[in-house]
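Novice: Protein sequences appear in the order of chains A and B. Numbering follows the working numbering, with no gaps: position 43 of the first sequence is 43. Numbering follows the working numbering, with no gaps: position 652 of the second sequence is 652. If you scroll down you'll find the structure; I have some questions about it.
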Amino acid sequence: MNKKSFFIFSAIIFAVSFLYFLSNHYQSDPEQWQTYNKVNGGKVKSYPTTAKEIEKYQLPNLKGEKKARSPASSPIVKSKKRTVINPANKKITPNMLASNKVTREWKEKLGQNLLRFLRPETLLFLKKEQSISIVERGQIRHAEVVLIQLKDAEGRRFSYNAYVDSESGQVLQTWNRTIHESYEKKPMKLTPSGTINNAGTTRF
Amino acid sequence: MRRISQHLYRFWKGIQVARLTASNLSLSTIRVYKSLSEFSILENSNGMTILPAYSAKALIIGAGLLLYSCVPGGSSASKTRRGASASGGSISVDSNYGRYFDDNPIILSGNTSLENSANLDFLLTGDPKFITTNQFLIAPCSAGGTDIENCLEVRESEVSNYTTADENRWGFSTTTSEFLEVQTFGNMRDITNKFMSNLEFSLSLSIGYGYTSSIPTNLFDSTKTPFWYQSGLLKGYSNCGAENNAFYDPAGQTICLGNVTTNPPVYISSDPTVTWHEMGHAFNQISMNMRQRAFFGTLSTQSALGYLFYDEAGSINEGIADFYSQFMNDRTHFAEWGLGRYLLQSRPMSEREALHAPGIDTSTEGRLAYPSYVNYDPNEPETPYEDVHYAGQIISHFLTAFKESIADTSICGLTNDQAMQITIHILTETLAELGDQTATGSGILTSSSAAYKVNLNPTEAIEWISKNNPINFRRFIQTYSKYFMRSLGNSLFNMCGVTSYSRDDYEKLVDSYGLLLFKTYNEDDNHMTTGHSGTHTLVTPTNRVKSEFIGKDLLILDNRDGAAAAFIIDNQADIKRAIEGMILGGQVSSISSQIDGDFAFNNGNAQISPGEVVGVALNLLNTSNSTMAGVHILANDWDHAKNNAFCNNLGDNFPLASAGAADLTSGEGVQGGCDYVTRYNGKDNILEPDEALAPVCFVEFADTDATKWVVQEKLRSSIGLPSQNCLGGEDSPNDCFIRAIKGADHAFYSKLNAQETWAESLQTEEGVPTFNSSNVIFFEVSPDIPPGTTFNCRFRARFTNCEDCYHDDLNGGDDYLDYEYSGAKPFKLINFKFTVID
């Protein structure tokens with residue numbers, strides 16, 4: 001092989017490797033960040049969060065959770081696809097019904113639900129962390145554990161985790177909410193329009 | 001030769017940056033390799049291969065070549081944004097060493113007028129401190145024999161590169177961004193090491209003395225790591241860009257230190273006391289969740305200390321976080337630099353501090369007592385502020401006084417360090433129980449329901465912690481006191497040397513802070529069947545001098561002439577801002593699809609109209625001669641209806657039997673009857689098939705024979721509204737028309753002075769009270785309500801210094817059992833009636 005062929009061959013190998021690397025990092029899959037924002041007409045647009053956005057909005061890059069072995073009597077059971085959460089340690093029967101289905105649209109619905117009442121300048125980033133099934137009231141409810149990050153119109157950042165219904169995209173529970181110190185003494189002030197009493201309404 | 005080595009060094013640095021940048025972008029775990037020779041394969045946290053070794057190496061080398069040109073000349077790959085790069089002079093140090101402040105510049109300089117433009121290099125005196133032998137500011141931590149390799153890391157911000165040492169030296173001028181990173185790293189590392197050391201002490205103490213402890217015996221389990229984050233890493237950002245703000249982000253496991261927007265700015269990370277305060281929030285979260293972490297391992301949800309903009313749990317969180325600053329520097333003042341100097345936001349932790357208003361001192365009468373000082377800002381003592389940071393001062397002052405009393409030779413006589421150790425130990429015990437989602441509280445971790453002693457049960461624990469039996473000043477201090485009694489106050493242990501800390505001395509100290517608000521220490525906890533059958537040591541009544549109990553019936557809806565029953569917030573702008581704030585913060589996450597996305601129906605007419613989201617702030621009057629504090633209103637579903645009819649034996653005599661009240665003939669303690677309170681919060685349809693919770697609001701309905709109060713489903717059915725048009729959809733017919741928004745279904749008021757309402761107690765100069773989101777309960781109003789429909793919402797109310805909200809006189813003043821917080825007994829019922837106007 002002459003020198004020229006060798007260089008062309010090396011360049012091809014390098015290019016292929018680089019493209020393979022890119023495809024593994026930037027493909028859209030449920031474990032990646034997804035960006036949502038309102039566009040004209042109040043519609044919500046979504047797309048896989050770009051690397052630039054991840055940098056610009058400082059999205060957490062969490063290491064994956066260690067795989068803990070649960071005790072034999074634990075309310076946590078790992079199946080092939082979903083971790084079963086059974087906080088009350090109820091008996092799980094083979095014919096236990098699911099109260100909901102798993103759909104692909106849950107993330108889109110979640111994005112729409114959250115952004116519906118937020119200003120268009122708000123950016124929402126979602127990242128699925130885990131799929132679970134919760135045992136409640138004698139049924140199984142499929143849910144997703146999601147990391148939610150928001151950047152409001154003023155640039156402030158908020159973040160929390162949530163259980164999200166795998167069918168409706170409704171948030172079931174939140175936790176790990178950001179604690180802001182907010183040193184300026186400017187809490188949100190709500191002014192009543194008036195009052196109600198037995199005599200009726202009085203407007204201010 | 002020197003040029004070649006410089007080029008090689010830059011190439012090497014390029015590779016490091018390439019590797020770490022790839023790590024940041026990939027969103028998966030990629031191990032950081034110390035050298036290329038270790039590098040074999042890249043894999044993510046799921047064990048999935050990203051690319052094979054040889055191509056990975058080719059990539060890294062290729063990227064290194066590419067980035068070689070990007071690496072600036074000189075020995076550091078970082079940017080110096082604030083000033084000249086540093087070398088030599090007072091900041092020259094040995095390899096792996098550096099200098100950083102171990103207190104804030106005001107204290108170190110002794111100059112309370114220190115200017116933000118001052119070059120603080122002159123404060124970098126004293127011996128250099130070991131920083132790290134790592135290439136970057138990443139530190140391990142270790143406790144109980146379990147090591148966490150990547151425990152802490154610091155960068156300037158999430159988008160910044162990892163700062164490297166200047167020829168292995170971490171000495172930088174205070175004018176550089178690198179200094180702030182080293183500063184933050186040193187402060188985070190030091191407090192983490194001390195916290196973990198204290199955890200080792202705590203576990204050792206509890207096991208050694210053998211008392212019933214809340215600290216899990218497998219605290220240092222290497223797989224579950226209940227003593228730290230499961231995924232290991234806590235990140236600190238020394239200059240994250242947040243203006244006049246710092247925050248703790250538990251979801252992202254991040255401490256963000258911003259800046260005070262003076263010119264030039266003061267970087268919050270230059271004040272270690274603020275960094276330690278933020279770390280205090282992290283430690284509180286770890287302590288609250290260590291039991292379920294030790295048991296469930298991968299259980300996702302976390303309990304929190306604080307759920308509203310203002311509540312007492314959040315105040316306790318802030319007070320403890322302040323105290324963690326004292327944990328490090330043994331000083332009773334926090335944040336003099338930056339916050340204190342330019343924002344007048346520093347906070348004392350002892351009555352001795354000069355900042356305090358006259359009359360506050362360390363005498364029994366002069367203590368920063370509850371509830372008088374819940375709204376007290378020492379920087380502005382004449383103006384009441386409802387803010388968690390100010391109310392939290394009561395807790396920080398109490399912890400300080402308690403710590404000092406332990407060192408007092410007339411009381412206990414331990415050393416100052418021992419006193420701090422044991423103060424924090426009891427705190428850890430307290431939080432571990434209060435936040436426990438296993439519901440076992442203390443002792444063995446088990447899923448047996450026979451051991452559910454706190455927070456009802458694992459399924460409902462968060463509901464109990466946040467609403468039904470939340471952490472308020474009373475519950476916190478009672479639990480703290482219980483663990484005091486089990487340890488330092490245990491007369492069998494003599495932890496003070498030849499004696500123990502006397503219970504009388506302790507109760508008097510607690511009372512001096514107005515916090516002796518419990519009748520027993522409740523050692524038998526709150527299990528549904530055994531909660532009254534164990535020990536519940538009585539507090540000595542004569543020790544209760546400053547702390548006052550008030551009967552719950554003295555809290556009423558204001559019935560004075562012309563007084564309002566409730567303030568109504570329904571103008572579009574305020575509702576938008578309120579809902580936006582609560583959604584952003586994660587407090588509210590779900591609003592009915594029946595509500596317009598722009599709140600178009602909100603008309604600001606102070607009436608409750610179809611299609612609106614309405615804020616209701618009940619106008620409650622304290623008819624007692626003492627201050628009520630920690631007033632908490634609940635609008636969540638509760639056990640007040642049976643077979644879709646409302647019970648009228650709950651103390652409010654409503655509704656009348658002729659107006660549709662539930663049949664009471666089922667007998668005492670029978671499921672499905674009004675004398676029975678659900679043991680499982682209405683959620684166990686196997687053990688309690690006849691029990692379910694009901695929404696707070698019911699509707700007046702013209703039945704065939706009389707006007708009755710009925711469930712909303714009856715109205716829906718009567719008017720033929722399809723069930724899918726209900727606010728909650730077809731599965732939620734009983735809150736079809738009026739529904740409290742989950743998360744915004746409870747409200748909190750810091751205090752009501754004697755004979756006043758909250759609005760009168762915190763009146764502004766304008767006369768019209770202003771509210772924040774935690775003072776208001778938000779309701780969705782269906783657009784399909786027939787105008788003229790009348791509703792009654794039966795709220796439950798209680799307050800922290802309430803006598804009969806917590807103590808069961810039928811059981812010797814022992815605390816109510818957990819399940820009883822599903823019902824009416826611990827509460828004052830407030831009925832609010834309104835008619836929906838079009």
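Ideal placement from N, C-alpha and C gives every residue a C-beta, glycine not left out.
1. Going by alpha carbons, who is nearest to T535 (chain B) out of B:V510, B:Y521, B:L621, B:E153?
2. Indicate whether at least one CB of chain B lies closer than 9 Å to the CB of H142 (chain A).
3. Could you pull the start and end residues of the alpha helix (DSSP H) that W861 (chain B) belongs to?
4. How about G597 (chain B) and R116 (chain A): do their beta carbons lie closer than 9 Å?
5. Any beta carbon from chain B within less than 9 Å of M96 (chain A)'s own beta carbon?
6. Can you pull the DSSP bridge partners for K235 (chain B)?
7. Could you give the DSSP three-state label for E353 (chain B): helix, strand or coil?
8. Can you list, in chain order, the stretches of the beta strand (DSSP E) that have 3 or more residues and sit fully within the region 654-710 of chain B?
9. So, for Q112 (chain A): in the same chain, excluding its five sequence neighbours on each side, which residues have a beta-carbon less than 7 Å away from its beta-carbon?
10. Mind pulling the chain B residues with CB within less than 7 Å of W175 (chain A)?
11. May I ask which residues mark the beginning and end of the alpha helix (DSSP H) holding E713 (chain B)?
12. Name the chain A residues that come within less than 8 Å of I569 (chain B), Cβ to Cβ?
13. List the endpoints of the continuous alpha helix (DSSP H) containing T50 (chain A).
14. Starting from the C-beta of I621 (chain B), find all residues in its chain whose C-beta is less than 6 Å away, skip the five residues before and the five after it, and write them out in chain order.
15. So E433 (chain B) and T383 (chain B) are in contact, right, with Cβ under 8 Å, and what is the actual spacing, rounded?
16. Hey, how far is the Cα of N472 (chain B) from the Cα of S750 (chain B)?
17. Which residues in the same chain as L492 (chain B) place their Cβ atom closer than 7 Å to its Cβ, once the five residues preceding and following it in sequence are excluded?
18. Which residues, taken in chain order from the region 594-607 of chain B, show a beta carbon closer than 9 Å to some beta carbon of chain A?
19. So C345 (chain B) contacts chain A; which residues on that side make the cut at Cβ distance below 7 Å?
20. How many angstroms separate the CA atom of S87 (chain B) from the CA atom of V93 (chain B)?
21. T201 (chain A) touches chain B at which residues, Cβ-Cβ below 7 Å?
22. Return the residue from the list B:Y373, B:V374, B:S396 that minimises the CA-CA distance to P348 (chain B).
23. Using a Cβ-Cβ cutoff of less than 8 Å, which residues in the same chain neighbour D809 (chain B) once the five nearest sequence positions on both sides are dropped?
24. Using the three-state DSSP reduction, which class does M96 (chain A) fall into: helix, strand or coil?
25. Any contact of the region 213-231 of chain B with the region 429-443 of chain B, i.e. 3+ C-beta pairs under 8 Å?
26. Could you check the C-alpha separation between Q763 (chain B) and S193 (chain A) for me, to the nearest Å?
27. Give me, in chain order, the residues of the same chain whose beta-carbon lies closer than 6 Å to that of L355 (chain B); leave out the 5 immediate sequence neighbours on both sides.
28. Any idea what DSSP makes of D814 (chain B), helix, strand or coil?
29. Tell me which residues of the region 767-783 of chain B have at least one Cβ-Cβ distance to chain A shorter than 7 Å, keeping chain order.
30. Examine chain B for any beta-carbon lying closer than 9 Å to the beta-carbon of E136 (chain A), and answer yes or no.
31. Could you work out which residue in B:I207, B:K742, B:F201, B:A578 is closest to M420 (chain B) when comparing CA atoms only?
32. Along the chain, where does the beta strand (DSSP E) that runs through H746 (chain B) open and close?
33. Kindly indicate which residue of B:G581, B:T261, B:T627, B:C496 has the alpha-carbon position closest to the one of L752 (chain B).
34. Quick one, which of B:P140, B:S592, B:T133, B:E149 has its alpha-carbon nearest T164 (chain B)'s?
35. Name the DSSP bridge partner or partners of K833 (chain B)?
36. Just list the residues that DSSP pairs H281 (chain B) with in beta bridges.
Specialist: Taking the coordinates as given:
1. Counting from one through the second sequence, the residue named residue 535 (chain B) turns up at place 535. Nearest of B:V510, B:Y521, B:L621, B:E153 to T535 (chain B), Cα basis: B:Y521.
2. For this step, residue 142 (chain A) is matched to residue 142 along the first sequence. Cβ-Cβ to chain B under 9 Å: no for H142 (chain A).
3. Lying outside 1 to 838, the shown extent of chain B, residue 861 (chain B) is not represented and no answer is given.
4. Looking up residue 597 (chain B) in the second sequence gives position 597. Looking up residue 116 (chain A) in the first sequence gives position 116. A contact, by the Cβ cut-off of 9 Å.
5. In the first sequence, counting from the first residue as 1, residue 96 (chain A) sits at position 96. No, because no Cβ of chain B sits closer than 9 Å to the Cβ of M96 (chain A).
6. Looking up residue 235 (chain B) in the second sequence gives position 235. BP columns for K235 (chain B) point to B:E153, B:T254.
7. Numbered from 1 along the second sequence, position 353 holds the residue referred to as residue 353 (chain B). Coil, per DSSP.
8. 697-702, 707-710
9. In the first sequence, residue 112 (chain A) corresponds to position 112, counting from 1. Counting only Cβ-Cβ distances below 7 Å, and skipping sequence neighbours, we find V44.
10. To locate residue 175 (chain A), count along the first sequence from 1; it is residue 175. Going along chain B in sequence order, the residues near W175 (chain A) (Cβ under 7 Å) are T301, Q302, A304.
11. Your numbering for residue 713 (chain B) matches position 713 in the second sequence. First-last of the alpha helix (DSSP H) with E713 (chain B): 712-719.
12. The residue you call residue 569 (chain B) lines up with position 569 of the second sequence. The answer, in chain order, is L190, T191, P192, S193.
13. As a first step, residue 50 (chain A) is located in the first sequence; it is residue number 50 there, counting from the start. Per DSSP, T50 (chain A) belongs to no alpha helix (DSSP H) and is neither H nor E.
14. Residue numbering aside, residue 621 (chain B) sits at position 621 when the second sequence is read from its first letter. Here the sequence assigns Leu to residue 621 (chain B), which means Ile is not the residue at that position. The residues are I556, D558, T757.
15. As a position in the second sequence, residue 433 (chain B) is number 433, starting the count at 1. As a position in the second sequence, residue 383 (chain B) is number 383, starting the count at 1. About 36 Å; that fails the 8 Å criterion.
16. As a first step, residue 472 (chain B) is located in the second sequence; it is residue number 472 there, counting from the start. As a first step, residue 750 (chain B) is located in the second sequence; it is residue number 750 there, counting from the start. If you take the alpha carbons of N472 (chain B) and S750 (chain B), they lie about 11 Å apart.
17. On the second sequence, position 492 is the one that residue 492 (chain B) refers to. There are no such residues.
18. I595, G597, D598, F599, N603, G604, N605, A606, Q607
19. The residue you call residue 345 (chain B) lines up with position 345 of the second sequence. The identity of residue 345 (chain B) in the sequence shown is Gln, whereas the question assumes Cys. In chain order: Y183.
20. Indexing the second sequence from 1 puts residue 87 (chain B) at position 87. Indexing the second sequence from 1 puts residue 93 (chain B) at position 93. Caution is warranted here: a pLDDT of 42 is assigned to S87 (chain B), below 50, making its placement in the model unreliable, and the coordinate value is therefore given only provisionally. Cα to Cα, the separation comes out at about 9 Å.
21. Here the question's residue 201 (chain A) lines up with position 201 in the first sequence. Chain B residues near T201 (chain A): A606, Q607.
22. As a first step, residue 348 (chain B) is located in the second sequence; it is residue number 348 there, counting from the start. Here the closest residue by C-alpha is B:S396.
23. Residue mapping note: residue 809 (chain B) aligns to position 809 of the second sequence, counting from 1. Nothing listed; no residue qualifies.
24. If you number the first sequence from 1, residue 96 (chain A) lands on position 96. Reduced to three states, the DSSP call for M96 (chain A) is coil.
25. yes
26. Walking along the second sequence from the start, residue 763 (chain B) turns up at place 763. Walking along the first sequence from the start, residue 193 (chain A) turns up at place 193. If you take the alpha carbons of Q763 (chain B) and S193 (chain A), they lie about 17 Å apart.
27. Mapped onto the second sequence, residue 355 (chain B) falls at position 355. Hits under 6 Å: P348, P378.
28. Taking the second sequence and counting its residues from 1, one reaches residue 814 (chain B) at position 814. Note: D814 (chain B) maps to strand in three-state DSSP.
29. V768, T770, F771, N772, S773, V776
30. Position 136 of the first sequence, counted from the start, is the residue given in the question as residue 136 (chain A). Cβ-Cβ to chain B under 9 Å: yes for E136 (chain A).
31. On the second sequence, residue 420 (chain B) is found 420 positions in, with the first residue counted as 1. Cα-wise, what sits closest to M420 (chain B) is B:F201.
32. To locate residue 746 (chain B), count along the second sequence from 1; it is residue 746. Segment 746-752, the beta strand (DSSP E) holding H746 (chain B).
33. In the second sequence, residue 752 (chain B) corresponds to position 752, counting from 1. Closest by alpha carbon: B:T627.
34. Here residue 164 (chain B) refers to the residue found at position 164 when the second sequence is read from its first residue. Cα-wise, what sits closest to T164 (chain B) is B:T133.
35. Residue mapping note: residue 833 (chain B) aligns to position 833 of the second sequence, counting from 1. In DSSP, K833 (chain B) forms a bridge with B:N792.
36. To locate residue 281 (chain B), count along the second sequence from 1; it is residue 281. Partner(s): none; H281 (chain B) has no beta bridge.
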